[in-house]
Structures are given as C-alpha cells and as structure tokens.
C-alpha cells in the first residue's frame with residue numbers, strides 16, 4: 091500500500107526505513123510526508139549471521155537507490171527497527187530471535203552504506219510510524235500494542251519515542267497482571283503476554299481441549315499436522331464454539347486489565363492495537379472497550395481512545411524512516 | 091530541615107511551595123537552589139471549604155512575605171500540590187479528601203495573591219522535588235512511590251513532570267497486579283495499593299487475626315480503642331511476630347511485582363520510595379530489591395536503583411516551588 095500519494099511541498103526528504111525481523115527484512119523508500127515510494131522485502135539469512143544480514147541490507151539499499159536513480163546524498167538517512175534492545179549508540183544489545191548480542195549495527199551499516207543510520211526497537215518504531223501517519227497521529231502521548239506471538243509496545247511520550255533510561259523500557263508484555271497456568275519464557279508467572287497474545291490464545295485453547303472440553307477445534311487440531319492458529323480459533327469463535335469463545339473471553343478480560351493499567355499509568359490520548367491478532371479486532375474490541383472502562387481509575391468520560399492500528403505492516407518502515415529524520 | 095544552606099550565586103529566585111493536604115497545609119519559602127528559607131504549617135479548615143482554604147493560603151503567604159521583609163515582586167511564583175487531579179489550567183478537577191470538584195484554584199489564588207500560581211498533583215510534585223534536590227537528582231526518568239494510606243506516584247520522564255495527556259496519569263496505586271481478599275475503594279479488585287500501602291498492611295493483619303492466627307498483635311488490637319498502625323506491625327515484625335512477618339512478606343512480595351512492572355515499563359534510573367512506610371524501609375528494602383530483581387525482564391545488571399526517598403516531608407514544598415519555576 092502506497093500511502094499519502096499527494097505530492098508534498100518543497101524540502102521533502104527521502105529516507106529508507108527498514109523493519110528487520112527474524113524471517114524477513116522489509117525495506118521502504120519513504121518521504122518525510124509519509125509516502126512510501128518503493129517497498130521491497132528480503133529473506134533474513136537463515137543463519138541470522140550478523141555479517142550476512144549486513145550484506146543483505148547493503149545489497150538491498152544499493153538496489154533501491156539504483157532502481158530509483160538516486161545517489162547516497164539524496165537519502166537523509168536509514169532507520170532500522172530491530173527485534174530486541176538497541177542502545178543510544180546504535181548497538182544491538184540483544185535480539186534473541188536473531189541470536190545477536192552486542193552488535194554494532196549502526197556503525198557497521200554506516201561504514202558499508204556511507205549514509206547516516208539510526209537503530210531502534212521494532213515495536214517502538216512501529217509506534218513512531220502510527221504516531222506520524224496512523225492511528226496515533228495528532229497525539230502527544232500514545233501507545234501501540236502489537237498483539238502477535240508476544241505482546242510488544244511502542245510508547246510515545248511528550249511527542250517522542252520513549253525507550254526508558256537504558257533502552258530497556260516499554261516491556262509491557264512482561265507486566266505481571268495475575269497468575270497463569272503456565273510460565274512466561276522470561277521466567278515469571280503472570281506476564282500480560284501469557285494471557286493476551288497469539289501464543290497465549292493457542293496455549294489456553296490447548297489447555298481446554300486437553301481437559302476434554304467439547305469443541306470443533308479438537309478434531310481440527312487432531313486432523314492437522316501443525317498447531318492450531320489464532321485464525322482458526324477466531325473462526326471457531328465466530329461459529330460460537332464454546333472453547334473458542336471461552337478463550338477469546340479470557341484473552342479480552344486480561345487484555346482489558348493491561349489496557350486499564352496502561353491508561354491509569356500513562357493516560358494517553360490513544361492506545362492502538364496492532365499485530366496479527368488486531369486484524370480480528372471486531373471480535374473483541376467492543377467487549378475490550380467495555381471491560382477496560384470498568385477498570386480505569388477515572389471511569390466517567392475517560393478520554394483515552396482504544397482503536398485498531400492503521401498502518402499494518404507499513405508501520406515499521408514508516409516509523410524507522412521518521413526515526414532517523416526526527417530523533 | 092533547611093537544605094542546601096550554602097549561599098548560591100547571583101540570580102537566585104525565590105518561590106513559595108505549598109503542599110495542600112486534607113489535614114494540614116505546609117508552606118515553604120524556597121530558593122531556586124533548593125534552600126528552604128522558611129517553613130510553616132497551618133491546619134486545613136475542618137470544612138475543607140474552598141473559600142476557607144483560599145483564605146488560609148492567602149493569609150499565610152502574606153505572613154511569610156511580611157516576616158521575611160519581602161514584596162510580592164520578590165516572589166517568582168507560588169507552586170501548590172493538591173491531593174487530586176489538577177488540569178493544565180490550574181483547576182482542581184477533583185480532590186476527594188477535600189470534597190472538591192472543578193475548583194479554579196490557580197485563578198482564584200492569583201487574584202488574591204497577585205503572584206503567578208501553578209497547581210499540580212501532590213505526589214507528582216513531591217517527585218519533582220526529589221528529582222531536583224533528592225533521591226532522583228541527576229536522572230532523566232525516575233519515579234517516586236509514596237507508601238502511605240494509599241500508594242501515590244510522581245513520575246519524571248525526559249526530565250519533566252509526567253501527568254499524562256489529560257492529567258489523569260501515574261495512578262500507579264491502581265495498577266492491577268493480582269487478586270485480593272478485599273476490593274479497592276476505586277471499585278476494582280487487585281489494585282497495587284490494596285497490597286502495598288498502610289491500609290493494605292493493616293487490613294491483611296486484621297484478616298489474619300480474625301482467622302485466629304496467634305500473634306502479639308491480637309492483644310494489642312483488643313487492648314487499644316483504635317485500629318492497629320503500620321508502626322505497631324513493623325515493631326512486631328522486628329520482634330519476629332509471625333503474623334507481622336507474614337504481612338510484611340506479602341506487602342514486600344506484591345510491592346516487588348509493582349516495582350518490576352514499573353521497571354519493565356519505564357526503565358527509570360531510580361525508583362525512590364517515600365511516604366510513612368518508607369521510614370521503616372530497613373525492614374523490607376533488601377528483600378524488595380531481591381524479589382524485584384527476579385521479576386524484571388532484563389535481570390542481569392538491571393540498572394534501575396531502588397532507594398528510600400531523601401526529602402521526607404519537604405519533597406512537596408520543594409517540588410511545588412520548582413514546578414512554578416520550571417514548568
């Protein structure tokens with residue numbers, strides 16, 4: 091999807107935004123007005139090897155310049171969102187899915203590209219994308235929660251990306267909100283993402299099926315060689331399957347606790363929900379809003395809006411591009 | 091206690107900081123270097139009547155000026171922390187302990203005093219005091235938690251007081267962290283302050299005593315005409331009373347959940363603990379640090395420090411004074 095096609099006035103800058111994931115690397119040539127002028131995708135090298143990833147990025151950035159007839163000097167900078175912790179020096183402190191620790195990503199890319207590079211956390215930068223061009227536009231304080239395998243967050247405070255003092259903040263998926271029947275892979279029990287994520291949903295359905303609760307999902311699970319997907323659970327919920335509805339209800343109930351906690355703490359203008367599960371938002375958004383409202387400290391006319399995020403897969407490249415331009 | 095007695099260089103400003111509580115109103119004539127040049131206290135009128143409080147404040151501010159031989163023009167401004175929500179226009183949206191709703195405190199005081207006035211939340215401004223002159227000095231992101239009747243918080247982000255977008259933020263006492271045997275007075279179950287506050291501690295001890303658990307506190311409670319105090323419970327814990335230790339342990343365990351959540355969310359340099367219970371911090375601080383560490387997402391060398399706040403009762407007047415100077 092190419093956004094904001096209208097030509098913008100003078101002084102438009104061009105940036106390249108990169109969303110580096112464990113399976114793919116997404117690239118966007120982005121204007122400062124938020125147009126995505128070109129969008130490409132490459133596979134993340136299977137080894138996740140640092141040098142290998144650098145080579146893929148270098149190759150693709152140079153390819154984009156060539157295709158677009160641009161020179162390095164035409165690019166204001168390259169922003170890159172990584173699935174882990176990046177510090178203020180552009181080093182990847184750790185990125186578990188990539189098996190990286192202490193990788194000087196900014197420095198190595200700047201040497202290879204000859205273009206300024208800024209590195210940030212992927213969810214934070216997706217939030218920055220929604221802040222500039224999506225569901226969090228025209229706010230000063232707003233949060234993006236990404237409901238995927240885990241629960242990630244991008245937090246904007248005072249109009250800036252908030253990372254915390256040591257780039258370790260906004261781990262909202264690991265906010266403890268109760269007790270759960272399984273432990274989080276961080277070692278704790280009761281983390282929000284063990285109740286409100288794709289993993290959580292599937293685990294809870296399996297838990298119910300293992301306890302012999304009757305459900306159409308039982309046959310489905312047994313008939314296929316792979317685990318149930320959230321989409322299958324949502325589909326069953328649409329058909330009023332009891333187990334699916336029970337799991338969806340629990341997911342919504344705990345997500346509402348998380349939302350209320352975040353509203354009580356941050357009092358943002360907007361909390362936007364992104365990530366794969368948000369695409370089935372119609373199934374839980376009304377109930378989520380209702381439940382959240384009962385738990386916020388200020389209940390009457392609480393002004394925080396809960397919405398589905400706008401930019402889908404483009405949030406990361408737009409936010410990364412704006413990150414190098416603005417911060 | 092008069093802080094920072096050393097004379098400061100040219101251009102020192104003088105402000106009056108006011109800490110408005112349900113039982114007393116504290117006043118401080120404060121220099122921009124953080125010296126408290128004069129400190130006074132008046133009773134809050136029993137009726138909590140808005141006009142009555144305005145008259146007390148006006149009388150006391152004028153008295154301070156007279157005693158110090160100062161004129162209105164010598165005072166940069168008056169900052170005032172209120173026990174409730176104050177919006178950006180200096181209106182008290184609500185302050186339950188004062189029975190106030192929608193009171194134009196800034197405007198009415200400016201008319202009466204002829205001095206600029208700024209109004210903020212008391213815990214937020216106490217945090218701003220610790221940020222300038224206390225346990226949170228030299229930080230960019232830091233939190234003060236006040237462990238009193240409830241659990242309040244002052245949050246500094248990017249070096250500024252953080253209120254949220256609608257001045258409803260930092261209600262950290264109402265973060266839901268589990269299930270409790272009694273409901274919070276906000277209507278929810280599981281709020282942090284129902285586990286980690288003076289009220290919580292006393293309620294849990296009563297709960298154990300009512301369940302006939304043997305304890306020296308049982309006789310104490312029955313022998314006195316008033317409820318147990320946190321100090322009595324701490325004293326019993328020092329003497330290894332089982333019920334007191336059990337209550338202290340639960341208090342610490344849940345406070346650690348709150349601390350870990352806040353570290354995972356904010357990644358601050360410092361979390362400072364203030365309020366009455368923090369004066370017995372030696373009883374729970376080592377265990378609190380240990381437990382918090384096991385629950386933070388980044389466990390190895392997590393850099394957030396947990397400390398006891400410095401300024402005690404002066405935090406509010408210092409923070410209020412700095413608030414009118416800086417924000």
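Protein chains in written order, with the numbering used here: chain X, 91 to 417; chain W, 91 to 417.
All residues carry an ideal CB built from backbone N, CA and C; glycine is no exception.
Check your understanding: From residue 199 (chain W) to residue 267 (chain W), what does the alpha carbon distance come to, in whole angstroms?
Key -> Cα-Cα distance, rounded: 40 Å.
**Study point:** Where residue 165 (chain X) falls: helix, strand or coil (DSSP)
**Key:** coil
Check your understanding: With a CB to CB cut of under 8 Å and the five nearest residues on each side skipped, what residues in its chain are close to residue 373 (chain X)?
Key -> Within the same chain, and ignoring the five residues on either side of residue 373 (chain X) in sequence, the residues whose Cβ sits closer than 8 Å to its Cβ are 324, 327, 328 and 338.
Check your understanding: Taking C-beta to C-beta, are residue 347 (chain W) and residue 232 (chain W) nearer than 8 Å?
Key -> no
Point to revise | Burial state of residue 301 (chain W), where buried means 16 or more other Cβ atoms lie within 10 Å | key: It is exposed - the Cβ of residue 301 (chain W) has fewer than 16 other Cβ atoms within 10 Å.
Exercise for review: State the Cα-Cα distance for the pair residue 170 (chain W) and residue 396 (chain X), rounded to the nearest angstrom.
Suggested key: 33 Å
Practice item. Taking only beta carbons into account, state which residues of the stretch 261 to 273 of chain X come closer than 9 Å to chain W, listed in chain order. Key: 261, 262, 263, 264, 265, 266, 267, 268 and 269
Check your understanding: Between which two residues does the beta strand (DSSP E) harbouring residue 149 (chain X) extend?
Key -> First-last for residue 149 (chain X): 140 to 158, but that is the alpha helix (DSSP H), not the beta strand (DSSP E).
Exercise for review: Quickly, what does DSSP pair residue 114 (chain X) with across the bridge? List them, please.
Suggested key: X:133
Review point. Counting pairs of beta carbons, one from the stretch 105 to 121 of chain W and one from the stretch 194 to 214 of chain X, are three or more of them closer than 8 Å?
Key: no
**Study point:** Contacts that residue 250 (chain W) makes with chain X (C-beta to C-beta distance below 9 Å)
**Key:** Identification of chain X residues near residue 250 (chain W) by a Cβ-Cβ cut-off of 9 Å yields 248, ordered along the chain.
Practice item. Write down every uninterrupted run of the alpha helix (DSSP H) in the stretch 318 to 382 of chain X whose length is 4 residues or greater and which is fully enclosed by it, in chain order. Key: 320 to 328 and 332 to 356
Point to revise | In chain order, each alpha helix (DSSP H) run of at least 4 residues that lies wholly inside the stretch 210 to 279 of chain X | key: 212 to 223
Exercise for review: Tell me, please, whether the CB atom of residue 290 (chain W) is closer than 8 Å to any CB atom in chain X?
Suggested key: no
Practice item. Scan the stretch 199 to 229 of chain X for residues whose Cβ lies nearer than 8 Å to a Cβ of chain W and list them as they occur along the chain. Key: Here the close residues are 229.
Check your understanding: Taking only beta-carbon atoms, is residue 320 (chain W) less than 8 Å away from chain X?
Key -> no
Review point. Taking C-alpha atoms, which residue in W:382, W:251, W:153 and W:188 lies nearest to residue 343 (chain W)?
Key: W:382
Exercise for review: Kindly list the residues whose CB is nearer than 8 Å to the CB of residue 422 (chain X), restricted to its own chain and excluding five residues on each side of it in sequence; keep chain order.
Suggested key: For chain X, the structure presents residues 91 to 417; residue 422 (chain X) sits outside this window and is missing.
Point to revise | chain W residues whose Cβ lies nearer than 9 Å to that of residue 259 (chain X) | key: Chain W residues near residue 259 (chain X): 231, 353, 354, 355, 356, 357 and 358.
Practice item. Might you give, ordered along the chain, the residues of its own chain that have their beta carbon closer than 7 Å to the beta carbon of residue 368 (chain W), omitting 5 neighbours on each side? Key: 237, 398 and 399
Review point. What are the boundary residues of the beta strand (DSSP E) that includes residue 413 (chain W)?
Key: Careful: residue 413 (chain W) lies outside any beta strand (DSSP E), inside the alpha helix (DSSP H) at 405 to 416.
Review point. Would residue 393 (chain X) count as contacting chain W if we go by Cβ distances under 8 Å?
Key: For residue 393 (chain X), the nearest beta carbon of chain W is closer than 8 Å to its own beta carbon.
Check your understanding: CB-CB under 7 Å to residue 293 (chain X), same chain, minus the five flanking residues each way: which ones, in chain order?
Key -> Excluding sequence neighbours, residue 293 (chain X) sits near 272.
Exercise for review: Closer than 7 Å by beta-carbon distance: list the chain W residues that pair up with residue 256 (chain X), in chain order.
Suggested key: 357 and 393
Practice item. Take the Cβ of residue 384 (chain X) as the centre, count every other Cβ of all protein chains shown within 10 Å, and call the residue buried at 16 or more, exposed below. Key: exposed
**Study point:** Residues that DSSP places opposite residue 119 (chain X) in a beta bridge
**Key:** X:106 and X:128.
Review point. Which residues in chain B sit within 7 Å of residue 347 (chain X), going by Cβ to Cβ distance?
Key: As a matter of chain content, chain B is missing from the structure shown, whose protein chains are X and W.
Check your understanding: Among W:356, W:124 and W:411, which has the Cα closest to the Cα of residue 254 (chain X)?
Key -> W:356
Review point. Going by the beta-carbon positions, is the gap between residue 142 (chain W) and residue 135 (chain W) smaller than 8 Å?
Key: yes
Check your understanding: For residue 388 (chain W), which residues in chain X fall below 7 Å Cβ to Cβ?
Key -> The answer, in chain order, is 258.
Check your understanding: Taking the alpha-carbon positions, what's the residue 317 (chain W) to residue 371 (chain W) distance?
Key -> 22 Å
Point to revise | Test: residue 99 (chain X) CB closer than 8 Å to a CB of chain W | key: No answer about residue 99 (chain X) holds up, because its pLDDT of 48 lies below 50 and its placement is not dependable.
Practice item. Provide the residue(s) that pair with residue 185 (chain X) in DSSP beta bridges, ordered along the chain. Key: X:190
**Study point:** Among X:153, X:362 and X:377, the one whose alpha carbon lies nearest that of residue 244 (chain X)
**Key:** Shortest Cα-Cα distance from residue 244 (chain X) to any of X:153, X:362 and X:377 involves X:362.
Practice item. Look at the alpha carbon of residue 107 (chain X) and the alpha carbon of residue 118 (chain X), and state the distance between them as a whole number of angstroms. Key: Near 5 Å, if we compare the C-alpha coordinates of residue 118 (chain X) and residue 107 (chain X).
Exercise for review: Specify the secondary structure class of residue 174 (chain X) as computed by DSSP and reduced to three states.
Suggested key: Look at residue 174 (chain X) here: in three-state DSSP terms it is coil, with no helix or strand label.
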